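Those sequence lines, one after another, are chains A and B.
If you want this note's numbering, it's the 1-based position in the first sequence plus 282.
If you want this note's numbering, it's the 1-based position in the second sequence plus 1497.
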Amino acid sequence: MSESKPAVQYATLAQQHEAAELGIWGFLATEVLFFGGLILAYCVYRYGYPAAFAEAARHTKIVIGAANTAVLLTSSFLVAWAVLTARAGQGRLAARLLGFAGMLGLLFLVLKGYEYVREYRDHLVPGMDFQFAPDHLGGASLFFIFYFAATGLHALHVAIGIVILFLIARRAQHGAYSARYHAPLTVAGLYWHFVDVVWIFLFALIYLPGRSG
Amino acid sequence: MRHPPPLRLVLSWLALLFLLSLTVLFAYQPLGALNLPVALLIASVKALIVGVVFMELNESSGLKRAFAAAGFFWLGLLLWLAASDFLTRPEFPPGMYRSHRSGQHTRHWISVPTKVVFVIAPDQ
């Protein structure tokens, strides 16, 4: 890798890194609004159908949801650690940490898929023989439409993040990153942490309502 | 281990797992209307830990912090302006007063255009 010199439009590598990081933060701001639209729809219909939303949320699999939250938080921790080790020139350790974080991402998707299968068997997929208590049928089906749209789009982000983590891990393995040059690694890490943040809020909105009733 | 992780990363990770168990624990307590604010507060603290420690906002320039805050600022505008619509509607969701079981038809926005048609039709 001959990344020690900045690209032609930048005076220094530090300036190039600053631009790259601002770029990902700008992208993440658009992602906040992308998921924010879904969360707005959730708020509106939870306000409209509070009892149905509580009853529907009670049907989500909170054990899998909580386990998946722990999985993502842990993988985020590993990525944050990997970014520091790669900058310190320990590329091989960083590669292992990133690889492990990617495997945790895969575990997240496997658990999510298992959850989807159980919801399909429980007739909780709107449009596919959806069955629910008649009093809450409309509101519950809105909840589960949000559930599948939000978690499906989030799972897509996780899948993209896993690919990025493995690609970055391979480059870290070959010693591509250092204290001077690490922008791709840092940017990939920021994306992965953001996916984690989205899940933190989805977990609170999807799995926690209606548990105490 | 030859290269242990920095203590602040480990502590943040443990704090995140602790907050996860805390929010699940609180979800099962009958706090009534407080359940949602508590869940959102804990989620926000978790997001703040991820943002400040893992995403290094504590070491970032003011410009990067402004970019990070911008998305949430506009999300706040989105939720606030949308709430000023939905929270002030006389009837939401539409049709909630027209219970098919009680058979009662109270004022309902769909009924308004119907009445207009009724008034206009005899004049023609």
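Ideal Cβ placement from N, Cα and C applies to all residues, glycine included.
These numbers come from a predicted model, not from an experiment.
CB contact check: residue i to chain A, cutoff 9 Å
| i | result |
| --- | --- |
| residue 1532 of chain B | yes |
| residue 1548 of chain B | yes |
| residue 1572 of chain B | yes |
| residue 1587 of chain B | no |
| residue 1514 of chain B | yes |
| residue 1599 of chain B | In this prediction, residue 1599 of chain B scores a pLDDT of 44, lower than 50, which makes its location untrustworthy; no coordinate-derived value is stated. |
| residue 1559 of chain B | no |
| residue 1581 of chain B | no |
| residue 1519 of chain B | no |
Assigned exposure category for residue i - 16 Cβ within 10 Å defines buried
| i | result |
| --- | --- |
| residue 363 of chain A | buried |
| residue 1552 of chain B | buried |
| residue 1531 of chain B | exposed |
| residue 337 of chain A | buried |
| residue 1597 of chain B | For residue 1597 of chain B, the pLDDT reaches just 47, beneath the cut-off of 50, and the residue's location in the model is therefore unreliable, although a value from the coordinates is still provided. Residue 1597 of chain B is exposed by the Cβ-count criterion. |
| residue 350 of chain A | buried |
| residue 402 of chain A | exposed |
| residue 358 of chain A | buried |
| residue 1521 of chain B | buried |
| residue 1561 of chain B | buried |
| residue 1515 of chain B | exposed |
| residue 317 of chain A | buried |
| residue 1588 of chain B | exposed |
| residue 1510 of chain B | buried |
| residue 374 of chain A | exposed |
| residue 383 of chain A | buried |
| residue 1599 of chain B | In this predicted model, residue 1599 of chain B has a pLDDT of only 44, less than 50, meaning its place in the structure is not dependable enough to derive any value. |
| residue 1550 of chain B | buried |
| residue 1621 of chain B | A caution first: residue 1621 of chain B carries a pLDDT of 45, below 50, which makes its placement in the model unreliable, though a value can still be read off. Classification of residue 1621 of chain B: exposed, given that the 10 Å Cβ count is below 16. |
| residue 1592 of chain B | exposed |
| residue 1557 of chain B | buried |
CB-CB length for residue i against residue j, believed under 8 Å
| i | j | result |
| --- | --- | --- |
| residue 369 of chain A | residue 461 of chain A | 5 Å |
| residue 499 of chain A | residue 478 of chain A | Nothing about residue 499 of chain A can be read from this structure; chain A reaches only from 283 to 495. |
| residue 473 of chain A | residue 443 of chain A | 6 Å |
| residue 422 of chain A | residue 334 of chain A | 5 Å |
| residue 347 of chain A | residue 489 of chain A | 4 Å |
| residue 522 of chain A | residue 468 of chain A | Past the edges of chain A, shown from 283 to 495, lies residue 522 of chain A, and the structure says nothing about it. |
| residue 1568 of chain B | residue 311 of chain A | 3 Å |
| residue 1512 of chain B | residue 1546 of chain B | 6 Å |
Residue-level contact to chain B via CB, residue i, 9 Å cutoff
| i | result |
| --- | --- |
| residue 466 of chain A | no |
| residue 408 of chain A | no |
| residue 495 of chain A | yes |
| residue 283 of chain A | Unreliable placement is indicated for residue 283 of chain A, whose pLDDT of 46 sits below 50; no coordinate value is reported for it. |
| residue 423 of chain A | no |
| residue 314 of chain A | yes |
| residue 428 of chain A | no |
| residue 491 of chain A | yes |
Within chain C, partners of residue i - CB distance below 7 Å
| i | result |
| --- | --- |
| residue 308 of chain A | Included in the structure are the protein chains A and B, with no chain C among them. |
Worksheet item: Can you list, in chain order, the stretches of the alpha helix (DSSP H) that have 4 or more residues and sit fully within the stretch 425-460 of chain A?
Response: none
Worksheet entry | Positions along the stretch 365-394 of chain A whose CB lies within less than 7 Å of some CB in chain B | 366, 367, 372 and 375
Item to complete: Go through the stretch 298-361 of chain A residue by residue and report every complete run of the alpha helix (DSSP H) that reaches 4 residues or more, in order.
Response: 332-339
Practice prompt. Enumerate, from N- to C-terminal direction, the unbroken beta strand (DSSP E) stretches of 3 or more residues contained entirely within the stretch 1514-1587 of chain B.
Written response: none
Worksheet item: Of all the residues that make up the stretch 319-335 of chain A, which are near chain B by a beta-carbon distance shorter than 9 Å?
Response: 319, 321, 322, 325, 326, 327, 328, 329, 330 and 331
Item to complete: Using a Cβ-Cβ cut-off of less than 7 Å, give me the residues of the stretch 471-489 of chain A that come near chain B, in sequence order.
Response: 472, 475, 478, 479, 482, 483 and 486
Discussion item. Extract the residue ranges of the alpha helix (DSSP H) inside the stretch 465-489 of chain A, only unbroken runs of 4 or more that lie entirely within it.
Written reply: Within the stretch 465-489 of chain A, complete alpha helix (DSSP H) segments of at least 4 residues are found at 465-488, given in chain order.
Discussion item. Can you pull out the residues from the stretch 335-363 of chain A whose beta carbon lies closer than 8 Å to at least one beta carbon of chain B?
Written reply: The residues in question are 344, 348, 351, 352, 355, 356, 358, 359, 361, 362 and 363.
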